[in-house]
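These notes concern the structure reproduced below.
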Amino acid sequence: MQGEETMSATATTTIRVRPLGAVIGADIEGVDLAALDDDGFARIARAWADHLVLRFRGQKLTDVDLMQFSRRLGALDRVPIRAAGVVMAADPRLAIAPEAAEFVSVISNVKIDGKAIGGLGNYESHWHTDMSYNDIPPMASALYGIEVPPTGGNTSFASMYAAYDALDSETGARIDGLTCIHDASRNSVGELRRGFAEIADPQQTVGARHPLVRTHPVTGRKCLFLGRRRSAYIPELPLAESEALLDMLWAEATRPEFCWTQVWQPGDLMLWDNRCALHRRDDFDDRHQRIMHRTQICGDRPY
């Protein structure tokens, strides 16, 4: 990780990069994402390649602002029906601007007339890579905090660059060329998705098959690509060996020195690289509301 860096975004604005964790995360200070010029964006992109996870505090973004900033990173994934917010809602925190509704989703524990508005509720979200069960997982996610609980609901991130680099040479050689099946049956809080059956044997896991070690297409660095632990399976190995190896890799990947935790404030925008970082979320008291708006940037096939 680099030390604090000052970067001129415009003639009148200075962007500062302040590292947060030992190997992951940085604050980007002195920037209004709703009024970002091309030079400022290019410098932010370089900081993102270095730090994997960026935090922008004190933002005041509309859904259109969030969509337009995210779109500068690449094409946006469309929002699945089940994750869509309410386009016309009495509460503006829950409403999605109609012109952004195709690409901005709601993450919240709020219910209207007994129906959940947004996804994931107040549950703990386990370590995972977003949608790695797809053949082409997303490149990145951006999450904007609108309302946060007084405690809990924090988001932790782990560097898969650091996890891979810390492996001994024997383990590195062993996993090079191995693949893993990423379970599509459950979401990140462990709920069984509609249309899927319970999986008792990981050898029956349904989902995309990806390399255990992927190469970042921008930086060229290698990193672990684990997805999520539950029901994962390495098809090149007997089940017992697959389970033991995955347990070991997950223990290494989530070592505290590779992690950093975001304690949310309203107006925080978090941007993370889904290709080389894991993340998780703490649970929180359901008496408090947590409302986030989210975008997801299309990725490419891991290699």
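In terms of the numbering used here, the sequence shown has 96 at position 91, counting the first letter as 1, and numbering is strictly consecutive.
Using N, Cα and C, we set each Cβ at its ideal position, and we do this for glycine too.
These figures come from a predicted structure and were not determined experimentally.
DSSP has residue i in a bridge; who is on the other side?
i, result
"D278", "A145"
"P216", "T184"
"K65", "In DSSP, K65 forms no bridge with anything."
"S113", "L125 and I296"
"I302", "L81 and A145"
"Q73", "The partner list for Q73 (beta bridge, DSSP) is empty, contrary to what the question assumes."
"H133", "H284"
"Y169", "Looking at the DSSP assignment, Y169 forms no beta bridge with any residue, so it has no partner."
"R191", "L197"
"T266", "S161"
"Y238", "I186"
"G150", "M297"
"P243", "DSSP lists no partner for P243."
"D32", "R23 and R60"
Between the alpha carbons of residue i and residue j, how many angstroms are there, rounded?
i, j, result
"E203", "Y128", "20 Å"
"G272", "D288", "20 Å"
"A16", "F61", "Caution is warranted here: a pLDDT of 36 is assigned to A16, below 50, making its placement in the model unreliable, and the coordinate value is therefore given only provisionally. Straight-line Cα distance between these residues: approximately 20 Å."
"H187", "R260", "21 Å"
"R280", "I141", "11 Å"
"F201", "V223", "35 Å"
"A27", "W265", "8 Å"
"H215", "Y138", "9 Å"
"R299", "S236", "27 Å"
"T19", "Y169", "34 Å"
"A105", "R77", "15 Å"
"I122", "G225", "39 Å"
"G63", "Q270", "8 Å"
"S47", "P207", "Going by the sequence as given, residue 47 is Ala instead of Ser. Looking at the two C-alpha atoms, the distance is approximately 43 Å."
"D82", "M136", "11 Å"
"G126", "L66", "23 Å"
"E262", "L250", "21 Å"
"S146", "Q209", "29 Å"
"V58", "V36", "16 Å"
"Q301", "L217", "23 Å"
"G124", "G232", "19 Å"
"L283", "T134", "5 Å"
"E34", "G45", "12 Å"
"A245", "Y238", "10 Å"
"V111", "N192", "15 Å"
"D149", "T220", "In the sequence as presented, Asp is not what sits at residue 149; that position holds Tyr. Straight-line Cα distance between these residues: approximately 28 Å."
"A171", "I29", "15 Å"
Within 10 angstroms of its Cβ, does residue i collect 16 or more other Cβ (buried), or is it exposed?
i, result
"G119", "exposed"
"A50", "exposed"
"R87", "Because the pLDDT at R87 is just 46, under 50, the model does not fix this residue reliably, and the value given afterwards should be weighed accordingly. By the 10 Å Cβ count, R87 comes out exposed."
"M93", "With a pLDDT of 43 at M93, under the threshold of 50, the predicted position of this residue should be treated as unreliable, and no value is reported."
"A308", "Note on identity: in this sequence residue 308 is Tyr, with Ala being the wrong assignment. By the neighbour-count rule (16 or more Cβ atoms within 10 Å), Y308 is not buried but exposed."
"L197", "exposed"
"G212", "buried"
"S161", "buried"
"G182", "exposed"
"S247", "buried"
"D70", "buried"
"V22", "buried"
"S190", "buried"
"V109", "buried"
"M144", "buried"
"M297", "buried"
"V268", "exposed"
"I117", "exposed"
"D252", "exposed"
"S75", "buried"
"P24", "buried"
"R295", "buried"
"G195", "exposed"
"A256", "exposed"
Since I believe residue j is in contact with residue i (beta carbons under 8 Å), could you give me their beta-carbon distance rounded to a whole number of angstroms?
i, j, result
"L99", "V115", "6 Å"
"H56", "R285", "Contact doesn't hold; Cβ gap of about 18 Å is too wide."
"G157", "D290", "6 Å"
"D68", "A102", "4 Å"
"D305", "W53", "That pair is no contact at about 16 Å."
"M4", "F230", "Absent from the model: residue 4. The displayed extent of the chain is 6 to 308, so no value can be given."
"C228", "G79", "About 19 Å separates the two Cβ atoms, so there is no contact after all."
"T184", "E241", "7 Å"
- Is the stretch 172-179 touching the stretch 148-161 in the sense that three or more CB pairs, one from each, lie closer than 8 Å? no
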